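Below is one structure, written out as structure tokens; comments come after it.
Protein chains: 2
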Amino acid sequence: MSEDKLKIERIHKGTVIDHIDAGYALTILNLTGFDESPNLMTIGVNVPSKKYGKKDIIKIEGEFLNEMQMQQISILSPNATISLIDDYAVIEKKKVKIPHIIKKLILCTNKTCITNSQKEPIETEFLVLEEKPLKIQCTYCDRIYKLEEIMFTSKQKTEKKIKQKIQL
Amino acid sequence: MSEDKLKIERIHKGTVIDHIDAGYALTILNLTGFDESPNLMTIGVNVPSKKYGKKDIIKIEGEFLNEMQMQQISILSPNATISLIDDYAVIEKKKVKIPHIIKKLILCTNKTCITNSQKEPIETEFLVLEEKPLKIQCTYCDRIYKLEEIMFTSKQKTEKKIKQKIQL
Numbered sequence: 021m022s023e024d025k026l027k028i029e030r031i032h033k034g035t036v037i038d039h040i041d042a043g044y045a046l047t048i049l050n051l052t053g054f055d056e057s058p059n060l061m062t063i064g065v066n067v068p069s070k071k072y073g074k075k076d077i078i079k080i081e082g083e084f085l086n087e088m089q090m091q092q093i094s095i096l097s098p099n100a101t102i103s104l105i106d107d108y109a110v111i112e113k114k115k116v117k118i119p120h121i122i123k124k125l126i127l128c129t130n131k132t133c134i135t136n137s138q139k140e141p142i143e144t145e146f147l148v149l150e151e152k153p154l155k156i157q158c159t160y161c162d163r164i165y166k167l168e169e170i171m172f173t174s175k176q177k178t179e180k181k182i183k184q185k186i187q188l
Numbered sequence: 021m022s023e024d025k026l027k028i029e030r031i032h033k034g035t036v037i038d039h040i041d042a043g044y045a046l047t048i049l050n051l052t053g054f055d056e057s058p059n060l061m062t063i064g065v066n067v068p069s070k071k072y073g074k075k076d077i078i079k080i081e082g083e084f085l086n087e088m089q090m091q092q093i094s095i096l097s098p099n100a101t102i103s104l105i106d107d108y109a110v111i112e113k114k115k116v117k118i119p120h121i122i123k124k125l126i127l128c129t130n131k132t133c134i135t136n137s138q139k140e141p142i143e144t145e146f147l148v149l150e151e152k153p154l155k156i157q158c159t160y161c162d163r164i165y166k167l168e169e170i171m172f173t174s175k176q177k178t179e180k181k182i183k184q185k186i187q188l
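As given, the protein sequences belong to chains B and A, one line each in that order. The opening position of the first sequence corresponds to residue 21 in the working numbering, with each subsequent residue numbered one higher. The opening position of the second sequence corresponds to residue 21 in the working numbering, with each subsequent residue numbered one higher.
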């Protein structure tokens, strides 16, 4: 008995996120909220790539990225390309672009930073010092973060199917 | 410009998890720890299925499931089938089976339950009362849980690339 091929049909109308840094596709789905989409998605993780050795790729039917989601992807995978598909054809292709200033998307973990003040909540703002590898600085308390130190803000998931708790 | 097909090659040696309940593939990857595998994975979410309407499917190169991972999948997707692949052929195919008693995998959220005692930590144990839809009962405090109320125990991820924090 031979293993069946998984049929990956071309998507009719939707988004392809390609050249994601290897291993980041699932984090991107979680962060952007697409992990809760009821639509068809195909995801390749650690796919062989001529240019980057390995890469991830996400195809989502019937979903399009907003500006916030584009920025989230740019932080995690600065080489990612976004293709918009309509009627099976690529109608627009663009590279993600890290903004010079990242607003709201990232938390400052410095407890004494004014963005963590209980009384006067101020939205976070980070200056991008270096793009690859990423280095950002809180514009309020000047604390510097590398990619692996970043904590993202995230809207509360409206309907989380399974609650999970990490037991240390 | 036409959108390229995502080439999903058959896997050489590894595991195919098919007939996953629609929308549960990413939770299964997270719970089983395969989300941190460096190996090639292809994932289909909300794939049209004759039998179930929609289903998820996971193909992982070079990885095999242990008993704990099989049980985790059985809890989330009692209809899942596991195929072991070697040399591009299915060498074994089996359905997951929910055990009568689930040990260690799930937390009892009753704070006064002896499994949450600080002094005498006892491993959790749940009796499976009903399989579909799932209903389980803590053998120590008798509290009953449905699938959507379950909290899973999970080993601490050794190397989490991006820490994420949910800001409510």
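In this text, a Cβ means the ideal position worked out from N, Cα and C, and glycines have one as well. None of the values given here were measured: they were computed from a predicted structure.
Relative to the C-alpha of Glu56 (chain A), which residue among B:His32, B:Phe146 and B:Leu46 is closest?
Taking the second sequence and counting its residues from 1, the one referred to as residue 56 (chain A) is at position 36. Closest option to Glu56 (chain A), Cα to Cα, is B:Leu46.
Just to confirm the assignment, what range does the beta strand (DSSP E) spanning Ile31 (chain B) have?
The count along the first sequence starts at 1 and reaches residue 31 (chain B) at position 11. Segment: none, Ile31 (chain B) is in no beta strand (DSSP E) and carries neither H nor E.
Taking a contact to mean a Cβ-Cβ separation below 9 Å, would you say Lys152 (chain A) touches Tyr165 (chain A) in this structure?
Position 132 of the second sequence, counted from the start, is the residue given in the question as residue 152 (chain A). Position 145 of the second sequence, counted from the start, is the residue given in the question as residue 165 (chain A). Annotated as distal: Lys152 (chain A) and Tyr165 (chain A), with beta-carbon spacing of 9 Å or more.
Tell me, to the nearest whole angstrom, how far the beta carbon of Pro157 (chain B) is from that of Phe172 (chain B); I am working on the premise that it is less than 8 Å.
Along the first sequence, read from residue 1 onward, the residue named residue 157 (chain B) stands at position 137. Along the first sequence, read from residue 1 onward, the residue named residue 172 (chain B) stands at position 152. Here the sequence assigns Gln to residue 157 (chain B), which means Pro is not the residue at that position. Taking a contact as a CB-CB distance under 8 Å, the pair Gln157 (chain B) and Phe172 (chain B) does not count as one, their CB atoms being some 17 Å apart.
Taking 8 Å as the threshold, find out whether the region 63-83 of chain B comes into contact with the region 38-45 of chain B through three or more Cβ pairs.
Result yes; three or more Cβ-Cβ pairs closer than 8 Å.
Is the shortest distance between the beta-carbon of Leu60 (chain A) and the beta-carbons of chain B less than 9 Å?
In the second sequence, residue 60 (chain A) corresponds to position 40, counting from 1. Judged by the 9 Å Cβ criterion, Leu60 (chain A) is in contact with chain B.
Is the region 86-101 of chain B touching the region 81-98 of chain A in the sense that three or more CB pairs, one from each, lie closer than 8 Å?
Because the criterion of three Cβ pairs below 8 Å is not met, the region 81-98 of chain A and the region 86-101 of chain B do not touch.
Which word fits Ile95 (chain B), buried or exposed, when buried means at least 16 other C-beta atoms lie within 10 angstroms of its C-beta?
Position 75 of the first sequence, counted from the first residue, corresponds to residue 95 (chain B). When all chains shown are included, Ile95 (chain B) counts as buried.
Start-to-end residues for the beta strand (DSSP E) that takes in Ser94 (chain A)
As a first step, residue 94 (chain A) must be located in the second sequence, where it is residue number 74. Premise fails: Ser94 (chain A) lies in the alpha helix (DSSP H), Glu87 to Leu96, not in any beta strand (DSSP E).
Relative to the alpha-carbon of Glu168 (chain A), which residue among A:Ser97, A:Ile63 and A:Asn66 has its alpha-carbon at the smallest distance?
The sequence position of residue 168 (chain A) within the second sequence is 148, counting from 1. Nearest of A:Ser97, A:Ile63 and A:Asn66 to Glu168 (chain A), Cα basis: A:Ser97.
Quick one: which chain A residues come within Cβ less than 9 Å of Asp55 (chain B)?
In the first sequence, counting from the first residue as 1, residue 55 (chain B) sits at position 35. Neighbours of Asp55 (chain B) in chain A, taken as residues whose beta carbon is under 9 Å from its own, are Gly43, Leu46, Thr47 and Val65 in chain order.
By Cβ distance, which residues of its chain are closer than 6 Å to Asn66 (chain B), with the 5 residues on each side in sequence left out?
To locate residue 66 (chain B), count along the first sequence from 1; it is residue 46. Taking C-beta separations shorter than 6 Å and ignoring five residues to either side along the sequence, the partners of Asn66 (chain B) in its chain run Ala42 and Lys74, following chain order.
Is Asn50 (chain B) close to chain A, meaning its C-beta is less than 9 Å from at least one C-beta of that chain?
Along the first sequence, read from residue 1 onward, the residue named residue 50 (chain B) stands at position 30. By this cut-off, Asn50 (chain B) is an interface position.
Write down the C-beta distance between Ile142 (chain B) and Thr135 (chain B) rounded to the nearest angstrom, noting that I regard them as a contact closer than 8 Å.
Taking the first residue of the first sequence as 1, we reach residue 142 (chain B) at position 122. Taking the first residue of the first sequence as 1, we reach residue 135 (chain B) at position 115. Sure, about 5 Å apart at Cβ, within 8 Å.
Buried or exposed: which applies to His120 (chain A), given that a residue is buried once 16 or more other Cβ atoms fall within 10 Å of its Cβ?
Within the second sequence, numbered from 1, the residue matching residue 120 (chain A) stands at position 100. When all chains shown are included, His120 (chain A) counts as exposed.
Which whole-angstrom value is the C-beta distance of His39 (chain A) and Ala100 (chain A), which I expect to be below 8 Å?
As a position in the second sequence, residue 39 (chain A) is number 19, starting the count at 1. As a position in the second sequence, residue 100 (chain A) is number 80, starting the count at 1. That belief holds up - the Cβ atoms of His39 (chain A) and Ala100 (chain A) are roughly 5 Å apart, short of 8 Å.
Of the residues A:Asp107, A:Glu140, A:Arg163 and A:Val116, the one placed nearest Leu127 (chain A), counting alpha carbons only:
Taking the first residue of the second sequence as 1, we reach residue 127 (chain A) at position 107. With distances taken between Cα atoms, Leu127 (chain A) lies closest to A:Arg163.
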